[in-house]
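Colleague: Next up is a structure, given as structure tokens.
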Amino acid sequence: MKKWYQLDVERLEQKLHVSSNKGLSTKQVEKRRKQYGENVLEAEKDTPKWLIFLKQFQDFMVIVLLAATLIAGMLGEFVDAIAIMIIVLVNGFIGFFQEQKAEKSLDKLKELSAPMAYVLREKTWEKINSRNLVVGDVIKVNSGDRIPADIRIVQANNLETEESALTGESLPVMKHASAIHRDDLDAQDQVNMGFMGTLVTRGSGLGIVVGTGMNTVMGQIASLMTNTKKVPTPLERKLAELGKILIVIAILLTILVVGLGVMQGHPVYNMFLAGVSLAVAAIPEGLPAIVTVALSLGVQRMIRKKAIVRKLSAVETLGCASVICSDKTGTMTENQMTVKEMYLNGKMLEVTGDGYNIHGDFLINNQRVNENYTNLESMLLYGMLCNNASLQVKRGKYFVEGDPTDGALIIAARKFGLKPVAGENFRIVKEIPFDSDRKRMSVIVEDDNQMRFLITKGAPDVLLPRTTYLMDEEGRRILKPNDKDKIEQAVNSMADKALRTIAISMKPLSKEDSMDDHFLEKDLTFIGLYGMIDPPRKEVKPAIEECRQAGIKTVMITGDHVKTATAIAKRLNLLPDDGLVLEGHELNKMSVEELEDIIEDVYVFARVTPEHKLKIVKAFQENGHVVAMTGDGVNDAPAIKASDIGISMGISGTDVTKEASSLVLMDDNFATIKAAIKEGRNIYENIRKFIRYLLASNVGEILVMLFAMLLGMPLPLVPVQILWVNLVTDGLPAMALGLDKPEDDVMKRSPRNPREGIFARGLGFKIISRGILIGLVTLIAFMLAYQNNPSNLIYAQTMAFTTLVMAQLIHVFDCRSENSVFDRNPFENIYLVLAVISSILLLLVVIYWPPLQPIFHTTFLGLRDWMLIIGLAAMPTVLFGFTKK
Ligand code: ADP
Ligand code: MG
Numbered sequence: 001m002k003k004w005y006q007l008d009v010e011r012l013e014q015k016l017h018v019s020s021n022k023g024l025s026t027k028q029v030e031k032r033r034k035q036y037g038e039n040v041l042e043a044e045k046d047t048p049k050w051l052i053f054l055k056q057f058q059d060f061m062v063i064v065l066l067a068a069t070l071i072a073g074m075l076g077e078f079v080d081a082i083a084i085m086i087i088v089l090v091n092g093f094i095g096f097f098q099e100q101k102a103e104k105s106l107d108k109l110k111e112l113s114a115p116m117a118y119v120l121r122e123k124t125w126e127k128i129n130s131r132n133l134v135v136g137d138v139i140k141v142n143s144g145d146r147i148p149a150d151i152r153i154v155q156a157n158n159l160e161t162e163e164s165a166l167t168g169e170s171l172p173v174m175k176h177a178s179a180i181h182r183d184d185l186d187a188q189d190q191v192n193m194g195f196m197g198t199l200v201t202r203g204s205g206l207g208i209v210v211g212t213g214m215n216t217v218m219g220q221i222a223s224l225m226t227n228t229k230k231v232p233t234p235l236e237r238k239l240a241e242l243g244k245i246l247i248v249i250a251i252l253l254t255i256l257v258v259g260l261g262v263m264q265g266h267p268v269y270n271m272f273l274a275g276v277s278l279a280v281a282a283i284p285e286g287l288p289a290i291v292t293v294a295l296s297l298g299v300q301r302m303i304r305k306k307a308i309v310r311k312l313s314a315v316e317t318l319g320c321a322s323v324i325c326s327d328k329t330g331t332m333t334e335n336q337m338t339v340k341e342m343y344l345n346g347k348m349l350e351v352t353g354d355g356y357n358i359h360g361d362f363l364i365n366n367q368r369v370n371e372n373y374t375n376l377e378s379m380l381l382y383g384m385l386c387n388n389a390s391l392q393v394k395r396g397k398y399f400v401e402g403d404p405t406d407g408a409l410i411i412a413a414r415k416f417g418l419k420p421v422a423g424e425n426f427r428i429v430k431e432i433p434f435d436s437d438r439k440r441m442s443v444i445v446e447d448d449n450q451m452r453f454l455i456t457k458g459a460p461d462v463l464l465p466r467t468t469y470l471m472d473e474e475g476r477r478i479l480k481p482n483d484k485d486k487i488e489q490a491v492n493s494m495a496d497k498a499l500r501t502i503a504i505s506m507k508p509l510s511k512e513d514s515m516d517d518h519f520l521e522k523d524l525t526f527i528g529l530y531g532m533i534d535p536p537r538k539e540v541k542p543a544i545e546e547c548r549q550a551g552i553k554t555v556m557i558t559g560d561h562v563k564t565a566t567a568i569a570k571r572l573n574l575l576p577d578d579g580l581v582l583e584g585h586e587l588n589k590m591s592v593e594e595l596e597d598i599i600e601d602v603y604v605f606a607r608v609t610p611e612h613k614l615k616i617v618k619a620f621q622e623n624g625h626v627v628a629m630t631g632d633g634v635n636d637a638p639a640i641k642a643s644d645i646g647i648s649m650g651i652s653g654t655d656v657t658k659e660a661s662s663l664v665l666m667d668d669n670f671a672t673i674k675a676a677i678k679e680g681r682n683i684y685e686n687i688r689k690f691i692r693y694l695l696a697s698n699v700g701e702i703l704v705m706l707f708a709m710l711l712g713m714p715l716p717l718v719p720v721q722i723l724w725v726n727l728v729t730d731g732l733p734a735m736a737l738g739l740d741k742p743e744d745d746v747m748k749r750s751p752r753n754p755r756e757g758i759f760a761r762g763l764g765f766k767i768i769s770r771g772i773l774i775g776l777v778t779l780i781a782f783m784l785a786y787q788n789n790p791s792n793l794i795y796a797q798t799m800a801f802t803t804l805v806m807a808q809l810i811h812v813f814d815c816r817s818e819n820s821v822f823d824r825n826p827f828e829n830i831y832l833v834l835a836v837i838s839s840i841l842l843l844l845v846v847i848y849w850p851p852l853q854p855i856f857h858t859t860f861l862g863l864r865d866w867m868l869i870i871g872l873a874a875m876p877t878v879l880f881g882f883t884k885k
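In this text, residue positions in the sequence shown follow UniProt numbering: the first is 1, and each later residue adds one.
The following block contains the structure:
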């Protein structure tokens with residue numbers, strides 16, 4: 001049997017029952033999907049649920065607790081033993097569900113950033129999730145794409161791929177579409193095939209899918225490979241370290257409490273169980289898990305704001321961003337280009353009509369120009385031929401499929417009455433694609449009479465040096481310096497109005513002429529200029545302002561003309577009066593050190609290529625900045641990778657940049673970056689909030705026991721009570737803090753220092769001071785009750801237990817603000833209110849429901865008791881509310 005690469009295209013199409021200009025039918029697709037399944041590599045086996053559940057109990061102290069409980073059970077303390085068991089079990093379930101939740105939201109993320117494929121079915125091109133590809137599908141691949149399945153290439157325009165994922169060879173491979181007749185070729189020699197998972201680094205191509213999912217070359221390798229693990233974020237790592245220290249402290253303190261207790265004459269066994277419970281309660285073993293949950297909940301909120309986080313650690317880094325380097329076109333602007341002016345025959349024409357409306361006129365000095373105006377039709381025709389976009393209609397509205405710059409040229413041609421012509425009267429023989437390095441695009445066209453010519457369009461300052469002739473009303477002639485000046489003036493006048501400029505030129509060719517790129521794109525004949533408007537997105541200006549207040553500098557990076565860029569930057573209020581604008585050619589001459597010296601004053605980088613972006617990132621980073629950098633093209637990937645927060649575009653971005661990035665903007669919008677930063681700051685603040693809450697609670701719990709032992713008093717809390725506090729009072733409200741809204745001034749503070757520790761900005765003091773007070777008021781409640789009624793220890797313990805719980809539930813509101821509890825509306829966070837209410841209800845049940853009283857060692861409390869409890873419990877929070885420390 002012949003291999004795919006040995007077949008010529010015709011045989012291939014026959015074999016797969018498809019034609020490369022129609023694609024498969026819906027029926028065929030359905031049938032094949034049933035037959036071969038989805039186009040995915042089989043994921044590694046998930047960890048079974050029961051194992052995740054068991055993992056919740058692997059914690060050392062929990063095991064000690066279970067052992068201790070077992071001993072208690074054997075000694076006849078059934079009630080205590082069972083109560084403790086149940087609490088430990090419930091705790092395990094909660095941990096389990098948290099983990100599941102985090103897992104699910106991460107899965108959802110993967111789904112959202114799934115690769116897409118551009119496929120021809122039922123004669124129409126559509127974008128689908130790559131997993132839905134089937135054998136026989138006709139797909140298009142472009143530079144920057146990851147090839148979504150194994151394909152046999154049937155058309156290649158300068159198509160190059162990088163196959164190191166398969167072959168280890170990182171040099172690009174040039175691809176073609178003809179059959180290869182040799183036998184037994186390795187993957188790297190099959191140069192008319194494209195392989196799943198490899199990258200298109202240049203050009204574009206058309207291919208027919210010949211293998212999907214595990215039936216691909218990649219699939220065979222994948223079945224041998226093991227999967228990568230989730231890496232912890234910096235914060236998770238810091239917390240894990242902190243956790244270890246806290247364990248030691250908690251155990252030492254527990255030993256102290258137990259030792260003191262035994263010395264005071266408490267039974268060893270009682271003290272042992274109390275100590276172990278205390279250790280379990282005091283060790284914030286759940287902290288890393290809650291942090292992960294908070295991070296992933298934050299990630300979900302970001303998704304709602306159209307920002308997809310690809311790396312969890314980015315959520316943390318976002319809050320530290322101090323510079324945003326953003327593309328102009330499409331990110332700060334609408335990317336809805338409209339040709340407003342045209343320059344030809346040495347005159348300026350105005351083009352009317354807005355957006356993608358296909359009606360408009362061509363005016364000179366407000367007079368409509370004649371249909372036969374020299375060169376107008378040919379200029380518009382060339383613009384339509386040297387073009388990769390297409391105009392489509394959906395529900396009666398026109399929209400552009402493809403590059404908006406190209407789309408604008410099609411719309412302009414439509415206004416003149418031209419219909420798409422390529423394929424009918426003209427045939428595209430070859431294309432040299434546009435990229436941001438070349439800043440130009442060319443096609444070789446053959447007309448009905450087999451006459452060939454080249455059309456090149458691109459940035460005027462790139463094209464002019466390659467231009468020797470000029471076309472005007474008199475015909476073709478040599479381009480004189482004087483003509484050049486006039487063209488440059490026209491470019492400047494367009495650019496000053498924030499118009500994006502494109503020059504268009506042509507060159508007659510004969511069949512014998514070389515097809516070499518270098519030969520082709522020179523000695524061109526200048527035809528004219530297009531000036532197109534791309535209005536700024538209206539959300540961007542306020543977003544830039546908000547960033548400024550948040551201490552974040554916004555920098556515009558664009559391949560556009562310096563004047564166009566400056567004009568737009570001024571409109572966006574991005575460029576201050578003394579701000580600098582740098583151009584690519586100036587950057588070339590500068591070393592990174594020289595750039596570092598001035599970069600703080602630079603707000604716009606114009607006419608840059610993707611390589612410059614890397615230099616810009618480095619210079620900012622050397623100055624101590626945390627840099628967010630956007631990009632869409634293949635060549636942007638290195639800069640995106642080097643930046644602290646790489647941002648790619650969901651709509652216009654290529655697979656390569658998406659993979660290199662840690663954040664994807666679903667709407668390509670600058671304002672979304674700001675929203676994500678705000679969310680990132682908020683998530684970090686929320687994590688600080690519950691760390692503060694949990695640790696202060698733990699300090700309080702340990703201290704009340706320690707104080708009591710020091711004073712030679714009975715145990716103020718029994719083990720079940722301690723465990724109950726740990727489960728109910730600590731758990732629920734802490735989760736709710738993770739959902740807290742940001743404080744009003746989150747975007748008024750300067751960015752957080754990425755090296756700042758967990759206890760920075762006074763958090764350590766807050767934890768210790770509140771913790772001491774919580775411990776103290778609990779002890780006071782216990783002592784007062786015990787002195788009044790020494791024979792009723794249960795009553796005193798109930799008082800202490802209730803005071804501790806209430807003090808924590810009031811303190812939780814304190815944790816919502818960096819300043820004072822009185823700064824915030826306590827009812828704002830509905831989850832927190834519900835968490836507190838349900839904790840109080842559970843507390844009431846434990847105190848007042850007779851069957852539970854013996855289990856939790858509680859008794860009825862009266863109104864006067866409650867007044868005392870509330871008064872004491874409110875103290876830690878109210879007192880510090882006034883000091884603002
Ligand atoms: P940016 O995305 O920052 O606006 P680009 O690198 O896309 O910058 O474009 C730089 C210049 O290249 C533009 O100012 C324009 O003159 C030219 N250009 C842009 N798109 C095309 C295209 N599709 N074909 C030819 N030239 C283009
Ligand atoms: Mg662009």
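Where a beta carbon is used, it is the ideal one built from N, C-alpha and C, also for glycine.
(1) Can you tell me whether Tyr848 is buried or exposed? The criterion is at least 16 other CB atoms within 10 Å of its CB, across all chains shown.
(2) Rounded to the nearest angstrom, what separates Ile86 and Ile677 at their Cα positions?
(3) Does the Cβ of Arg755 have 16 or more other Cβ atoms within 10 Å, making it buried, or fewer, making it exposed?
(4) Measure the CB-CB distance between Thr554 and Val604 and report whether it falls below 8 Å.
(5) Start and end of the beta strand (DSSP E) containing Gln264?
(6) State yes or no: is the C-beta of Val491 within less than 8 Å of the C-beta of His561?
(7) Please state whether the Cβ-Cβ distance between Ile645 and Leu349 is less than 8 Å.
(8) Tell me which residues share the same chain as Leu695 and place their Cβ nearer than 6 Å to its Cβ, disregarding the 5 neighbours each side in the sequence.
(9) Using DSSP bridges, identify the partner residues of Glu38.
(10) Rounded to whole angstroms, what's the CA-CA distance from Asn335 to Ile410? Just pull it up for me.
(11) Take Ser514 as the anchor and find which of Phe690, Thr124, Leu454 has the nearest alpha-carbon.
(12) Which partner residues does Lys347 have in the DSSP bridge list?
(13) Is it true that the region 141-155 meets the region 192-211, where meeting means three or more beta-carbon pairs spaced less than 8 Å apart?
(14) Please go through the region 514-567 and give each complete beta strand (DSSP E) segment of 3 or more residues, from N-terminal end onward.
(15) Can you tell which of Lys689, Asp730, Leu842, Glu679 has the C-alpha that lies nearest to the C-alpha of Gly762?
(16) Can you tell which of Val443, Val608, Leu363 has the C-alpha that lies nearest to the C-alpha of Asp437?
(17) Could you say which of Leu834, Phe860, Val833, Leu185 lies nearest to Val845 if we only look at CA atoms?
(18) May I ask you to verify whether the region 47-62 touches the region 91-104, counting CB pairs closer than 8 Å and requiring at least 3?
(19) With distances taken between CB atoms, is the gap from Ala498 to Thr564 smaller than 8 Å?
(20) Considering only DSSP beta bridges, list what Phe822 is partnered with.
(21) Determine the extent of the beta strand (DSSP E) in which Pro148 is found, giving its start and end residues.
(22) Following the continuous beta strand (DSSP E) through Ser390, name the residue where it begins and the one where it ends.
(23) Comparing C-alpha positions only, which one of Ile82, Asp186, Ser178 sits nearest to Glu169?
(24) With distances taken between CB atoms, is the gap from Thr802 to Thr331 smaller than 8 Å?
(25) Helix, strand or coil: which one does DSSP assign to Met629?
(26) Span of the beta strand (DSSP E) holding Ser505?
(27) Quick one: is Lys658 buried, meaning 16 or more other Cβ sit within 10 Å of its Cβ, or exposed?
(28) Let me confirm a value: Ile478 is counted as buried when at least 16 other C-beta atoms fall within 10 Å, else exposed. Which label applies?
(29) Where are the alpha helix (DSSP H) runs, 4 residues long or more, that stay fully inside the region 600-684, in chain order?
(30) To the nearest angstrom, how far is it from the Cα of Leu776 to the Cα of Asp823?
(31) Judging by CA-CA distance, which residue of Pro826, Lys430, Arg500 is the nearest neighbour of Gly458?
(32) Take the Cβ of Lys415 as the centre, count every other Cβ of all protein chains shown within 10 Å, and call the residue buried at 16 or more, exposed below.
(33) Quick check on DSSP: helix, strand or coil for Asp327?
(34) If we cut at 8 Å on Cβ distances, does Lys511 have a partner in chain D?
(35) Measuring CB to CB, does Val812 end up less than 8 Å from Leu703?
(36) Going by C-alpha distance, which of Asn753, Asn819, Leu717, Val836 is nearest Leu779?
Modeller: Quick look at the numbers:
(1) exposed
(2) 42 Å
(3) exposed
(4) no
(5) Here Gln264 belongs to no beta strand (DSSP E), and DSSP marks it neither H nor E.
(6) yes
(7) no
(8) Ile767
(9) Paired residue(s): none; Glu38 is not in a bridge.
(10) 15 Å
(11) Leu454
(12) Leu344
(13) yes
(14) 524-533, 553-557
(15) Lys689
(16) Val608
(17) Phe860
(18) yes
(19) yes
(20) DSSP output for Phe822 lists no bridge partner at all.
(21) Per DSSP, Pro148 belongs to no beta strand (DSSP E) and is neither H nor E.
(22) 390-394
(23) Asp186
(24) no
(25) strand
(26) 500-509
(27) buried
(28) exposed
(29) 610-622, 637-642, 655-660
(30) 25 Å
(31) Arg500
(32) buried
(33) strand
(34) The structure shown contains no chain D; it holds only a single protein chain.
(35) no
(36) Leu717
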